[in-house]
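Heads up: the sequence shown begins at 1 in UniProt numbering, then just goes up one per residue.
For every residue, glycine included, the Cβ atom is placed at its ideal position computed from N, Cα and C.
Nothing here was measured: the structure is a model prediction, and the numbers come from that model.
Reviewing the structure listed below.
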Amino acid sequence: MSGHVSGTSETGTGDEYWRTDIGSGPNSLGVGSFAAPVVSGEYCYVSDRRLYALNRSDGTLAWCADPGPRELTSPTVADGTVFVASRFVVGRAWRGVTAFDAETGERQWRAPSRQLLKPSVGLPETLPTVRDGTVYIGGAAETGAVTALDADTGSVEWQTDVAEPGSRTASAAVGDGGVFVLVGRRIARLDATSGDVTWETAAGEAYCPPVLADGAVYAPHDDRSIARWDATDGVHQWTVERFRERPRSLAVADGTLYAVTERKITALDTREQTVSWERTGADLVEAGVSDEWGATLRHCTVSDDRVYLSIGSSLAVLDRSDGSLVATVAFPEESDGDAVYAGRPGVPAVVGGVAYCLTETGDLYALDV
């Protein structure tokens, strides 16, 4: 692991506070780690095959934990504990959740593999979601189950089959006493305490997790539309059909839904179901975003009055009010001698005006954007 402080972005519009190479680089499947960093307290947590806690001030390593020879999902932090799930790798059947002390990195518990079965090959991994002392995890494609674990001990509180085995499952959204899961072209609400299914209805494929906001849940309705349901009773409230591609990332803030497809980002007024603004990858390239590694859009994060968007090998910062480009940072490529890898950023974490981005090359950046 190495790191340095200072420097600027390629465009000079966003300062680079520090950059740390966590040593992951392209992983065993031939692509880089896209585990999103998580910021809590004085640390920034990030994972590849190990879990790292880095000091937010300068990117130096506070501690490193090794759960075993598996790729890890993005970490989740709650009540002084960091939770990670192991990703499924072909030929390696173990899959589970491990909890670590957020301050020291000491392992607290590990949920055994017999409780969390491996997902089917080709289906997305689901991240642990923590709420009110319980860890919720999906992805048990052999049974189509969602599992609730006690956050203090890792013991199973309940496990509910919500889909046919082998169904595509997205990470859960938790709130208002419910666990909302998108699985097998269905969206369902499970009671957070008992795991009982309180309502379910038809929805789209689970290419991105549902989003819970303002008493409603938002999710793909099919491959070209997004719908909103009442979170309490599942009553369908509206569907917007204006996408040529399936949504891959959703975020809701202050009555606006931000939907990202491969080619564009759309800001949608959730009350009027009207488009506030749209920007395509081509629009952003014309405005100054580098297209050296293409202009494919992937993820967005909303913070204060900005939208942070992963596009190609760059991070684009947009004004929430009109989608105009405020800043852009282009990440450098790296070579291992056999191939060249783009510095594509994963999902950024934004706290206190600083964006933390892990790129496909295994570099973690702290940026003033």
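Does DSSP classify residue i as helix, strand or coil?
{"i": "residue 282", "result": "helix"}
{"i": "residue 123", "result": "Because the pLDDT at residue 123 is just 44, under 50, the model does not fix this residue reliably, and the value given afterwards should be weighed accordingly. Of the three classes helix, strand and coil, the one that applies to residue 123 here is coil, per DSSP."}
{"i": "residue 231", "result": "coil"}
{"i": "residue 145", "result": "strand"}
{"i": "residue 287", "result": "helix"}
{"i": "residue 345", "result": "strand"}
{"i": "residue 335", "result": "strand"}
{"i": "residue 128", "result": "coil"}
{"i": "residue 293", "result": "coil"}
{"i": "residue 207", "result": "coil"}
{"i": "residue 196", "result": "coil"}
{"i": "residue 137", "result": "strand"}
{"i": "residue 254", "result": "coil"}
{"i": "residue 265", "result": "strand"}
{"i": "residue 320", "result": "coil"}
{"i": "residue 107", "result": "strand"}
{"i": "residue 28", "result": "Caution is warranted here: a pLDDT of 38 is assigned to residue 28, below 50, making its placement in the model unreliable, and the coordinate value is therefore given only provisionally. DSSP places residue 28 in coil when its eight states are reduced to three."}
{"i": "residue 249", "result": "strand"}
{"i": "residue 101", "result": "strand"}
Can you give me the start and stop residues for the beta strand (DSSP E) that residue i sits inside?
{"i": "residue 237", "result": "236-241"}
{"i": "residue 191", "result": "186-191"}
{"i": "residue 159", "result": "156-161"}
{"i": "residue 175", "result": "173-175"}
{"i": "residue 72", "result": "Run containing residue 72: none; DSSP gives neither H nor E here."}
{"i": "residue 80", "result": "Note, residue 80: premise wrong, no beta strand (DSSP E); not H, not E."}
{"i": "residue 356", "result": "354-358"}
{"i": "residue 39", "result": "38-40"}
{"i": "residue 306", "result": "306-311"}
{"i": "residue 16", "result": "15-21"}
{"i": "residue 435", "result": "For the chain, the structure presents residues 1 to 369; residue 435 sits outside this window and is missing."}
{"i": "residue 368", "result": "363-368"}
{"i": "residue 178", "result": "178-183"}
What does the Cβ neighbour count give for residue i, buried or exposed, with the cut at 16 atoms within 10 Å?
{"i": "residue 336", "result": "exposed"}
{"i": "residue 332", "result": "exposed"}
{"i": "residue 215", "result": "exposed"}
{"i": "residue 114", "result": "Per-residue confidence for residue 114 stands at a pLDDT of 49, beneath the threshold of 50, marking its modelled position as unreliable; no derived number is given."}
{"i": "residue 195", "result": "buried"}
{"i": "residue 340", "result": "exposed"}
{"i": "residue 282", "result": "exposed"}
{"i": "residue 74", "result": "buried"}
Distance check for residue j and residue i, CA to CA, integer angstroms please.
{"i": "residue 368", "j": "residue 197", "result": "44 Å"}
{"i": "residue 56", "j": "residue 191", "result": "37 Å"}
{"i": "residue 338", "j": "residue 48", "result": "21 Å"}
{"i": "residue 271", "j": "residue 203", "result": "20 Å"}
{"i": "residue 286", "j": "residue 311", "result": "13 Å"}
{"i": "residue 106", "j": "residue 86", "result": "17 Å"}
{"i": "residue 370", "j": "residue 108", "result": "Given that the chain is displayed from residue 1 to residue 369, the structure contains no residue 370 and the question cannot be resolved."}
{"i": "residue 147", "j": "residue 178", "result": "13 Å"}
{"i": "residue 344", "j": "residue 234", "result": "37 Å"}
{"i": "residue 135", "j": "residue 181", "result": "14 Å"}
{"i": "residue 156", "j": "residue 149", "result": "5 Å"}
{"i": "residue 170", "j": "residue 249", "result": "11 Å"}
{"i": "residue 207", "j": "residue 222", "result": "10 Å"}
{"i": "residue 187", "j": "residue 359", "result": "31 Å"}
{"i": "residue 58", "j": "residue 51", "result": "18 Å"}
Flag residue i as yes when its Cβ comes closer than 7 Å to any non-hydrogen atom of the ligand NAD, and as no otherwise.
{"i": "residue 200", "result": "As presented, the structure is devoid of all ligands, the ligand NAD included, so that no description of it is given."}
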